[in-house]
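Let me begin by presenting the structure, written as structure tokens, before commenting on it.
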Amino acid sequence: MPEGDTITKVARFLDSALAGRQVARILLHPALGASSGPAEIERISAQGKHLYVTLGDGRVLRSHLGLYGSWHRYRPGEPWRRPARQAAIRVLAEDWEYVCFNAKEVEWLTQQGFRLADQRARLGHDLISESIEPAQLAQRARRMLEPKTLVVDVLLDQRLAAGIGNVYKSEVLFIERVSPLSCLGQLSDERLLGLYHRAAVLLAANLGGGPRTTRTARDRRGHLWVYGRSGQTCLRCGEERIQRGILGAQPRSTYWCGSCQPPFPPRPATASAG
12 MPEGDTITKV
22 ARFLDSALAG
32 RQVARILLHP
42 ALGASSGPAE
52 IERISAQGKH
62 LYVTLGDGRV
72 LRSHLGLYGS
82 WHRYRPGEPW
92 RRPARQAAIR
102 VLAEDWEYVC
112 FNAKEVEWLT
122 QQGFRLADQR
132 ARLGHDLISE
142 SIEPAQLAQR
152 ARRMLEPKTL
162 VVDVLLDQRL
172 AAGIGNVYKS
182 EVLFIERVSP
192 LSCLGQLSDE
202 RLLGLYHRAA
212 VLLAANLGGG
222 PRTTRTARDR
232 RGHLWVYGRS
242 GQTCLRCGEE
252 RIQRGILGAQ
262 PRSTYWCGSC
272 QPPFPPRPAT
282 ASAG
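Numbering (this note's numbering), first residue to last: 12 to 285.
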């Protein structure tokens with residue numbers, strides 16, 4: 012499941028291989044847009060879960076992998092590990108072919124165009140490459156979202172901060188001992204920002220090789236605290252079993268420990284005047 016750390020690693024790899032080079036063609040699936048002839052790739056970068064291939068002529072190819080997308084590299088003529096019909100983007104270089112399969116979104120933009128500026132403006136700060144501005148982030152969250160918004164939806168809202176996906180959502184909430192059933196209005200600014208700081212640390216720590224990891228204990232009990240561990244004993248308290256629920260406005264699986272992440276107590280009712 013590609014999240015911000017995955018996209019950053021892909022962007023860095025592709026940039027190191029292709030930036031400053033001429034490629035023979037950039038082919039798109041016919042349903043996704045027009046292909047390109049010979050082009051010079053200026054740079055390849057990421058913002059949250061979006062990847063941008065910027066060309067020397069000012070065009071920008073934006074892609075979003077969604078849940079099932081991935082990038083592969085092949086030698087010319089080498090058999091693909093996925094069906095050709097799933098190829099969304101093909102970048103044909105002299106010695107390698109770079110193929111993006113099953114991308115959720117692909118579109119051509121221009122560096123100076125409104126659509127690119129608007130698309131970037133709608134994304135919050137990238138948690139990997141940009142520092143968090145605490146006051147701005149908290150204000151943006153409370154201005155854009157209702158107090159009753161579930162915290163799972165807050166963390167996945169890329170307009171606030173870009174890069175958190177479904178795995179990090181569950182892991183961050185567990186580590187910070189926040190129930191996924193909590194609402195934005197129940198979180199202080201300090202508690203809210205603590206979630207984003209934790210996410211930024213975890214994303215940065217997973218930019219190397221190997222499996223995505225949120226726990227570092229070398230006990231052979233897994234790299235993650237709760238994600239994908241429904242029904243198994245909690246690795247922290249050792250008492251409760253991990254729960255799984257489909258939560259949020261855009262229903263996604265969430266994992267948590269009821270003991271380590273108790274619900275916030277209800278706020279006392281405000282006394283009426285008179």
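Positions of the beta carbon are idealized from the N, C-alpha and C atoms, including for glycine.
These numbers were taken from a predicted model, which means no experiment stands behind them.
Rounded separation between residue 104 and residue 122 - CA only: Translated into the one-based positions of the sequence shown, residue 104 becomes position 93. Translated into the one-based positions of the sequence shown, residue 122 becomes position 111. For residue 104 and residue 122, the distance between alpha carbons rounds to 23 Å.
In three-state terms, what does DSSP make of residue 58? Walking along the sequence shown from the start, residue 58 turns up at place 47. Residue 58: strand per DSSP, three-state reduction.
Alpha carbon to alpha carbon, how far is residue 39 from residue 95? Give it in angstroms, no decimals. Translated into the one-based positions of the sequence shown, residue 95 becomes position 84. Translated into the one-based positions of the sequence shown, residue 39 becomes position 28. Each residue's Cα considered, the two are about 12 Å apart.
Element boundaries [alpha helix (DSSP H), containing residue 243]: To locate residue 243, count along the sequence shown from 1; it is residue 232. No alpha helix (DSSP H) contains residue 243, which DSSP labels as neither H nor E.
Residue range of the alpha helix (DSSP H) that residue 185 falls in? Taking the sequence shown and counting its residues from 1, the one referred to as residue 185 is at position 174. Its alpha helix (DSSP H) spans residues 177-186.
Going by C-alpha to C-alpha distance, which of 152, 157, 184 and 186 sits closest to residue 172? Walking along the sequence shown from the start, residue 172 turns up at place 161. Comparing alpha carbon positions, the residue from 152, 157, 184 and 186 closest to residue 172 is 152.
Let me know the secondary structure DSSP gives residue 208 once reduced to three states. Translated into positions along the sequence shown, residue 208 becomes position 197. Residue 208: helix per DSSP, three-state reduction.
Measure the CB-CB distance between residue 179 and residue 51 and report whether it falls below 8 Å. Your numbering for residue 179 matches position 168 in the sequence shown. Your numbering for residue 51 matches position 40 in the sequence shown. Judged by beta-carbon spacing, residue 51 lies beyond the 8 Å limit of residue 179, meaning their Cβ atoms are not closer than that value.
Taking the alpha-carbon positions, what's the residue 227 to residue 91 distance? For this step, residue 227 is matched to residue 216 along the sequence shown. For this step, residue 91 is matched to residue 80 along the sequence shown. Looking at the two C-alpha atoms, the distance is approximately 35 Å.
Inter-residue Cα distance where the pair is residue 211 and residue 139: On the sequence shown, position 200 is the one that residue 211 refers to. On the sequence shown, position 128 is the one that residue 139 refers to. Near 6 Å, if we compare the C-alpha coordinates of residue 139 and residue 211.
If you draw a straight line from the C-alpha of residue 31 to the C-alpha of residue 187, how long is it? Here residue 31 refers to the residue found at position 20 of the sequence shown. Here residue 187 refers to the residue found at position 176 of the sequence shown. Cα to Cα, residue 31 sits roughly 43 Å from residue 187.
Quick one: what does DSSP say residue 1 is sitting in, helix, strand or coil? Residue 1 is absent from the model: the chain starts at 12 and stops at 285.
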